[in-house]
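Residue numbers (my numbering): 371 to 680.
C-beta atoms are modelled at their ideal positions from N, C-alpha and C, and glycine is treated no differently.
Before any comments, here is the structure.
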């Protein structure tokens, strides 16, 4: 039996996936596997941006073209907007980005400020993390925190300390990229704990199953963080299948792969459970600013199993 057979009929919410870096085939595969909604956090594109207009265009694509592209496969697309920690170190440019953030965080479909936090835990990263926490608090938006790959335990604790210092309620903060070393403190302090199922790094899904068995499903959510690197946009449904195979209840699986993310980000006022439960119609003849996911004369590919591409 394939993993698809074991999860058929289930719905998933991937609360951290960088679809700007993915193809329409990925959207189709995710839809086929039961992903009905996703959040795309603003992040680093792989090389440094050299001007504020490149940030402006990128943010505009997250609330515009990418939201449209997802809709063409029946998936609801939300995003979080922020200055990522790595590029916070370009201070002159970071100052300009901070000036345009208020133009985007109040737009339709923006469910939080993120992903923000620490990379190398520099003074500049600290400065702009704090500034964006204040922005999120003023806007009444949840915060999506990127915890560092290096010195993760220290960086995670520091991220939470600063969020509390700036007056944010732990329930408004999603601490992402957790592992076995950080999860207990995050949960004990009342924050949401996100886990990224990313091949060979971050967190494998066998380890994730053990974490859910040990800590239960409350305030835990998983994501793929699929991006331009080697990553799997089906990480959430695949992990659901593995949890089911491992004897974890359907109720617990739903919390970890769907409901908890909805509850956390619904605090933005930009999404609701009722909305997500309504089937989203697909009309691939639609256009966004004149652009379509189809090319001239192209019809939607129906038989995905066929080896013939017409």
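>> Using a Cβ-Cβ cutoff of less than 6 Å, which residues in the same chain neighbour residue 587 once the five nearest sequence positions on both sides are dropped?
In response: 622, 625, 626
> Hey, how far is the Cα of residue 388 from the Cα of residue 411?
Replying inline: So the alpha carbons of these two residues sit roughly 7 Å apart.
>> Within the continuous alpha helix (DSSP H) that includes residue 409, where are the two ends?
In response: Not the alpha helix (DSSP H): residue 409 falls in the beta strand (DSSP E), residues 405-411.
> residue 406 to residue 528, Cα distance in whole Å?
Replying inline: 34 Å
>> Using the three-state DSSP reduction, which class does residue 384 fall into: helix, strand or coil?
In response: strand
>> Buried or exposed, going by whether 16 or more other CB atoms sit within 10 Å of the CB of residue 393?
In response: exposed
>> Give me the residue from 592, 664, 616, 659 with the minimum Cα distance to residue 630.
In response: Out of 592, 664, 616, 659, 592 has the C-alpha closest to the C-alpha of residue 630.
> Near residue 543, which residues of its chain fall below 6 Å by C-beta distance, leaving aside the five closest residues on each side in sequence?
Replying inline: Residues 513, 533, 561 of the same chain have their beta carbon placed closer than 6 Å to that of residue 543, with the five preceding and five following residues left out of the count.
>> For a test of the three-state rule: what should DSSP assign to residue 448, helix, strand or coil?
In response: DSSP, read as helix, strand or coil, puts residue 448 in strand.
> To which residues of the same chain is residue 615 closer than 8 Å at the C-beta, ignoring the five residues directly before and after it?
Replying inline: 376
> Would you report the Cα separation of residue 431 and residue 493, rounded to the nearest angstrom?
Replying inline: 30 Å
>> Cutting at 8 Å between CB atoms, please list the residues of its own chain near residue 399, excluding the five before and the five after it.
In response: 603, 604
>> Quick check: what's the CA-CA separation for residue 384 versus residue 644?
In response: 17 Å
> On the three-state DSSP scale, how would you describe residue 485?
Replying inline: Under the three-state reduction of DSSP output, residue 485 falls in the strand class.
>> Helix, strand or coil, according to DSSP, for residue 492 in the structure here?
In response: coil
>> Just to confirm, is the Cβ distance from residue 481 to residue 646 under 9 Å?
In response: Cβ atoms of residue 481 and residue 646: not closer than 9 Å.
> Can you tell which of 440, 395, 516, 447 has the C-alpha that lies nearest to the C-alpha of residue 453?
Replying inline: 516
> Any idea which residues DSSP pairs residue 564 with across the strands?
Replying inline: Bridge partners of residue 564: 591.
>> Can you give me the C-alpha to C-alpha distance between residue 408 and residue 461, rounded to a whole angstrom?
In response: Rounded to whole angstroms, residue 408 to residue 461 spans 31 Å at the Cα level.
> Do you know offhand how far residue 607's Cα is from residue 651's?
Replying inline: 22 Å
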